[in-house]
Amino acid sequence: MAWGFAAALLLVPAPLVAQTASQVGGRNEVFVGSELESYLRFLQSEGRSELYPWSVRSFSAAEVERLLPRDSAHPWAGRYDLQPDTTGGFRLELIRPQAQLIFNSAFPYGANNGAVWAGRGLTTALHAGVSARYGAISLTLAPVVFRAENASFELAPTGREGRLAYADGGMTDFIDLPQRFGDEPYLRIDPGQSNLRLDLPVVAAGISTANQHWGPASEHPILLGNNAPGFLHAFLGSSAPLDVWLGRVHGRLVWGRLEQSDYSPVEGAGSQRFMSGLVGVFQPRGVSGLELGAARFFHEPWPEEGIGLDNLLKPIEGFWKGGLRDSGVLPGEPKTSEDNQLASVFFRWVFRRSGAEVYGEYGREDHSWNRRDFLVEPDHSGGYMLGLRKRWRRSEQELVTVRGELLNLQISHIVQVRQQGPFYVHGWTRQGHTHRGQILGSAAGYGGAGSILAADYYYPRGRWSVAWTRTVRQDRERPSGVGDIDRRGLDVLHSLGIESLFFLGRFDITAGLTGVYNFNRNFGSDAFNLNSVLSVRGGI
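Be aware that the sequence shown starts at 2, since it is given in my numbering, and climbs by one per residue.
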């Protein structure tokens with residue numbers, strides 16, 4: 002079993018497991034949520050690379066060059082090739098293949114795994130690919146194939162038969178978020194972190210299926226992260242931050258196609274959606290390490306007449322619902338629209354002298370009616386994320402870090418006087434903020450809240466990490482506090498896990514064990530799940 006192998010590796014002393022580490026590639030593996038992306042972020046906070054904005058990802062090959070450390074005074078300098086490429090010619094590299102085993106003993110568990118969904122039982126995933134770069138053109142082909150055993154477990158009742166028996170138990174008709182992907186093994190081949198892009202001195206454009214990450218969060222982005230598969234999209238934006246004297250600006254317009262799972266409440270028209278979005282960052286002159294940003298994400302049914310200019314320019318339409326043109330969707334309510342808008346503003350501030358960064362994000366799940374509505378009730382269909390990362394140097398080759406995030410998107414007290422639903426749910430776009438049955442933003446956002454507190458130890462032969470998380474899955478408590486106490490009204494997960502990355506020759510071996518205790522699962526009795534991960538990435 003995967004948990005047995007993971008436990009065995011965790012118990013082996015690190016010097017014995019990793020006594021023959023050697024240098025491998027790495028620069029073409031800086032994907033959203035990857036091991037190296039997180040590592041480079043910590044190095045940036047201590048001044049090893051330039052203060053490049055972190056809130057518009059994924060990074061191009063040219064951007065990765067700007068994030069690489071300027072010297073070798075860091076723990077993994079002898080492991081990965083992280084020196085800037087000065088050849089300027091054609092470069093073709095294999096992306097090191099990776100095999101991954103994920104085991105859940107009692108119920109599905111896992112987040113921020115991109116296309117991979119880990120149900121109960123054993124899930125197997127294989128990643129591989131190739132990257133090429135010549136001048137301003139870069140190409141990455143990085144597909145993934147996975148098979149989830151998808152063993153049975155007790156589902157929350159939906160009151161439906163057939164495919165909708167596997168749908169979400171709380172908002173069956175208003176979100177495409179299956180509890181289980183049917184009653185057979187779930188197999189999928191996905192293009193993964195693939196893209197083709199052109200990076201000119203000012204402008205970047207391309208097509209991609211890679212995950213994007215908007216905003217500064219690591220675990221709980223409000224709008225967009227790597228919790229779901231990446232979706233097919235085209236983009237146009239700046240290839241690097243542009244100097245506008247007051248500071249530097251960097252941004253991206255995105256247009257794409259969102260798909261639903263086989264367990265979606267939507268059939269026929271509206272089953273395929275067009276998305277459009279905009280994310281931008283401003284780094285003010287004279288305030289070192291500060292980045293301010295905003296983003297908008299729109300869902301709408303795929304236009305029957307084809308995509309027009311109105312669809313492409315939707316991310317720059319007015320912010321207030323009262324100023325929009327009449328839609329004609331619902332008689333008597335001319336401003337009601339089939340579109341679903343999510344928006345957020347965020348900040349990140351890096352303090353290099355102390356090796357720390359603080360960041361936050363405020364998000365909304367729909368338009369405010371006007372400015373007064375926004376100022377009076379900013380927490381209507383809104384919420385926030387706060388985060389902190391801090392590092393300490395034990396020596397030139399040892400790095401200790403602490404990181405934490407807090408997400409609160411729970412229904413507020415305003416529900417006493419004004420209708421308000423769970424975050425990521427929309428009355429007209431009934432797939433919710435999902436792609437192929439998984440949340441596009443934070444996995445904890447639909448339930449309303451999540452948090453993480455973790456510590457990492459980086460050294461030349463790998464990494465050790467320990468993490469505690471709390472995730473609210475469902476909440477039926479009364480924000481008003483009126484009425485009888487519902488002692489089972491909060492369905493919440495607490496987890497405690499340990500993970501280690503070992504460098505063994507030209508292989509990276511990751512092993513992790515996490516105990517997950519689910520209080521009031523589906524508003525019933527408690528449940529326990531043991532999650533284990535074993536991953537091997539081979540050097541080439």
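A virtual CB, placed ideally from N, CA and C, is assigned to each residue, including glycine.
- As summarised for the segment 142-196, the continuous beta strand (DSSP E) elements at least 3 residues long and confined to that stretch are 145-149 and 187-191, given in chain order.
- Checking the DSSP bridge columns, you'll see D492 partnered with Q475.
- Under the three-state reduction of DSSP, N114 is assigned to coil, being neither helix nor strand.
- With respect to the C-alpha of L502, the residue from W469, H495 and P461 having the closest C-alpha is P461.
- Under the 8 angstroms Cβ criterion, the segment 347-360 counts as touching the segment 288-302, having at least three qualifying pairs.
- Exposed is the label assigned to I486, since fewer than 16 other Cβ atoms lie within 10 Å of its Cβ.
- Take the alpha-carbon of E47 and the one of S355: they are about 8 angstroms apart.
- The secondary-structure analysis by DSSP pairs V467 across a beta bridge with A456 and I499.
- With at least 16 other beta carbons inside 10 angstroms of its own, P423 counts as buried.
- One thing to note: Y264 has its Cβ within 8 angstroms of the Cβ of F182.
- Taken atom to atom, the span from the alpha-carbon of T125 to that of R437 is near 19 angstroms.
- When secondary structure is reduced to three states using DSSP, P316 falls in the helix class.
- DSSP lists A296 and G364 as the bridge partner or partners of S345.
- Short of 8 angstroms from the beta carbon of E30, and not among the five residues preceding or following it, lie these beta carbons of its own chain, in chain order: E36, L37, I96 and R97.
- Membership of E399 in the beta strand (DSSP E) is indicated by the continuous run E399 to N409.
- By the CB criterion at 8 angstroms, A270 and P302 fall inside the cutoff.
- F529 is bridged by DSSP to Y518.
- Residue pairing for R92: DSSP places it in a beta bridge opposite R134.
- Ranking R373, T159, A149 and F298 by CA distance to the CA of Q213 puts F298 first.
- Going by C-alpha positions, D244 is about 10 angstroms away from P285.
- Annotated three-state conformation of D311 is helix, per DSSP.
- In this structure, N114 keeps its C-beta atom at 8 angstroms or more from the C-beta atom of E220.
- DSSP, reduced to helix, strand and coil, places F43 within a helical segment of the structure shown.
- Taking a contact as a CB-CB distance under 8 angstroms, the pair A100 and V534 does not count as one, their CB atoms being some 12 angstroms apart.
- Every candidate beta strand (DSSP E) stretch fails here, since none sits fully inside the segment 58-92 while reaching 3 residues.
- Minimum Cα-Cα distance from L505 among the listed residues V403, G539 and T470 corresponds to G539.
- For Q284, the enclosing beta strand (DSSP E) begins and ends at R274 to P285.
- Rounded to whole angstroms, the gap between the alpha carbons of I208 and A133 is 15 angstroms.
- Between S139 and R49, the CB-CB gap reaches or exceeds 8 angstroms.
- Comparing alpha carbon positions, the residue from T430, Y385, R92 and S452 closest to E406 is S452.
- Listed in chain order, the non-local C-beta contacts of R92 below 6 angstroms within the same chain comprise R134, local neighbours out to five positions each way being set aside.
- About 5 angstroms separates the CB atoms of V33 and S59; that is less than 8 angstroms, so the two are in contact.
- If you look at S396, you'll find it in the beta strand (DSSP E) that goes G383 to S396.
- Counting the other Cβ atoms within 10 Å of the Cβ of S277 gives 16 or more, which makes it buried.
- Separation of the CB atoms of H251 and P54 is rounded to 5 angstroms, and the pair is thereby assigned contact status at 8 angstroms.
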